[in-house]
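J.: Add 27 to the 1-based position in the sequence shown for the numbering used here, that's all there is to it.
Every residue gets a Cβ at the ideal spot worked out from N, C-alpha and C, and that includes glycine.
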Amino acid sequence: MIESFGARLRRSMDERGPLCVGIDPHASLLTEWGLNDDVAGLERFSRTVVEAMADRVAVLKPQSAFFERFGSRGVAVLEKSVAEAREAGALVVMDAKRGDIGSTMAAYAESFLHKDAPLFSDALTVSPYLGYGSLAPAVELARENGTGLFVLALTSNPEGGEIQHAVRPDGRDVGATILAHLTAENAGERPLGSFGAVVGATLGDLSSYDLDINGPLLAPGIGAQGATPADLPGVFGTAVRNVVPNVSRGVLRHGPDVAALRAAAERFAEEIRAAVAAV
Ligand SMILES: O=C(O)c1cc(=O)[nH]c(=O)n1[C@@H]1O[C@H](COP(=O)(O)O)[C@@H](O)[C@H]1O
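Structure below.
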């Protein structure tokens with residue numbers, strides 16, 4: 028039987044630590060790295076991050092937008108980066124934040140979560156704001172292919188609350204409702220379900236939410252957005268064991284030197300270890 032994403036992720040987090048490094052080739056970072064803001068610069072940037080990180084961090088998360096910016100040639104770089112990162116042992120979470128009506132969602136899922144897709148990734152970020160049920164085809168395809176989803180629940184940006192804190196007639200807010208759907212999706216899965224939530228590390232005390240979804244919690248916001256590893260226990264409580272903290276610019280700004288990138292990631296990894304061990 029095919030091994031689930033959740034099981035593969037749990038093992039990788041236990042072996043390598045939970046850090047997820049983002050591959051976010053901002054134009055400004057290309058310039059800081061002495062690269063041109065073109066496809067060759069994009070390729071060099073992405074290759075360097077993969078070379079520096081893929082054999083040591085649990086997860087790499089390419090941000091598709093920065094590749095799509097260059098059209099089909101940028102997407103070709105993304106394909107190669109994903110394949111190389113997986114080859115070197117990292118799990119790849121494709122950050123494309125897809126979401127649409129179910130019939131279209133099925134095609135998005137085929138694009139990223141089917142084992143024969145050129146952009147085959149271990150998991151995909153998705154938006155549930157066309158209704159959680161619209162994600163059903165992606166859930167189904169992920170189960171069949173041993174891949175996973177990270178569903179936007181409580182995002183790291185300050186504008187997210189307008190939608191995510193909206194209170195439904197049953198008294199629960201929208202973010203809590205998404206978390207409850209994920210808990211149901213992951214029921215009975217051992218050691219960890221494959222259907223994660225995105226919950227920002229920037230959000231402060233979230234003890235009013237049930238974060239115990241038996242699935243991974245992708246936590247962006249550390250570094251450039253102001254959160255630190257030391258914030259994690261206060262935000263996530265005992266669910267911190269299932270947190271995959273993401274850092275993109277906070278690591279990437281140390282490039283292009285591979286040793287400097289590795290040292291920056293190791294500093295975050297060490298701080299994360301210390302913070303999680305204290306819970
Ligand atoms: O899904 C995400 O990864 C995500 C969700 C969220 O709530 N906030 C958030 O910042 N992200 C992504 O996480 C990365 C954060 O990058 P840095 O702020 O540079 O560390 C970007 O690729 C964002 O698109």
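Determine which residues share a DSSP beta bridge with T152 and list them.
T.: Reading the sequence shown from its first residue, position 125 is the one you call residue 152. DSSP output for T152 lists F177 as bridge partner(s).
J.: Would M132 and S91 qualify as a contact pair, given that the criterion is a beta-carbon distance under 8 Å?
T.: As a first step, residue 132 must be located in the sequence shown, where it is residue number 105. As a first step, residue 91 must be located in the sequence shown, where it is residue number 64. Against a cut-off of 8 Å, the Cβ pair of S91 and M132 comes out as no contact.
J.: Return yes when the C-beta of P155 is under 7 Å from any heavy atom of ligand 1, and no when it is not.
T.: Here the question's residue 155 lines up with position 128 in the sequence shown. Result no, Cβ not under 7 Å from ligand 1.
J.: DSSP on K88, reduced to helix/strand/coil?
T.: Translated into positions along the sequence shown, residue 88 becomes position 61. DSSP places K88 in strand when its eight states are reduced to three.
J.: Would a C-beta distance cut-off of 8 Å place D323 and L157 closer than the cut-off?
T.: The chain is shown from 28 up to 306; residue 323 falls before or after that span and cannot be answered.
J.: From this set, S31, E42, G33, which residue's C-alpha is nearest R300's C-alpha?
T.: To locate residue 300, count along the sequence shown from 1; it is residue 273. Nearest of S31, E42, G33 to R300, Cα basis: E42.
J.: Given 7 Å as the limit, tell me if P247 has its C-beta closer than that to any heavy atom belonging to ligand 1.
T.: Position 220 of the sequence shown, counting from 1, holds the residue named residue 247. Yes, since a heavy atom of ligand 1 falls inside the 7 Å radius drawn around the Cβ of P247.
J.: Leaving aside the five residues before and after S31 along the sequence, list all residues of the same chain whose C-beta is less than 6 Å from its C-beta, in chain order.
T.: Working through the sequence shown from its first residue, we reach residue 31 at position 4. Once the five neighbours on either side are set aside, the close Cβ partners of S31 are G173, S221.
J.: If I'm right that P155 touches V119 with Cβ under 8 Å, what's the distance once you round it to whole angstroms?
T.: For this step, residue 155 is matched to residue 128 along the sequence shown. For this step, residue 119 is matched to residue 92 along the sequence shown. Going by Cβ atoms, the distance from P155 to V119 rounds to 21 Å, so no, they are not a contact pair.
J.: Spatial neighbours of S235 within its chain, please: C-beta separation below 6 Å, excluding the five flanking residues on both sides.
T.: Along the sequence shown, one-based indexing puts residue 235 at 208. Same-chain partners within the cutoff: there are none.
J.: Quick one: using the 10 Å Cβ neighbour count with 16 as the cut-off for buried, is S73 buried or exposed?
T.: Here residue 73 refers to the residue found at position 46 when the sequence shown is read from its first residue. Flag for S73 reads buried.
J.: If I measure Cβ to Cβ from G202 and keep anything under 6 Å in the same chain, skipping five residues before and after, which residues do I get?
T.: For the purposes of this step, residue 202 is taken as residue 175 along the sequence shown, with counting starting at 1. Counting only Cβ-Cβ distances below 6 Å, and skipping sequence neighbours, we find A180, L181, Q191.
J.: Relative to the C-alpha of V306, which residue among A34, L259, G61 is closest?
T.: On the sequence shown, residue 306 is found 279 positions in, with the first residue counted as 1. Of the listed residues, the one whose Cα sits closest to V306 is L259.
J.: Counting Cβ pairs, one atom from each stretch, are 3 or more of them under 8 Å apart for the region 272–283 and the region 55–66?
T.: Yes, they touch.
J.: Take every Cβ of the region 204–218, pair it with every Cβ of the region 247–258, and state whether three or more of those distances are shorter than 8 Å.
T.: No: the two stretches stay apart, fewer than three of their Cβ pairs being nearer than 8 Å.
J.: What number of angstroms, rounded off, separates the C-alpha of A144 from the C-alpha of E293?
T.: Within the sequence shown, numbered from 1, the residue matching residue 144 stands at position 117. Within the sequence shown, numbered from 1, the residue matching residue 293 stands at position 266. Cα to Cα, A144 sits roughly 32 Å from E293.
J.: Which same chain residues, not among the five before or five after G68, have their C-beta less than 6 Å away from its C-beta?
T.: Counting from 1 along the sequence shown, the entry for residue 68 is found at position 41. L57, L62.
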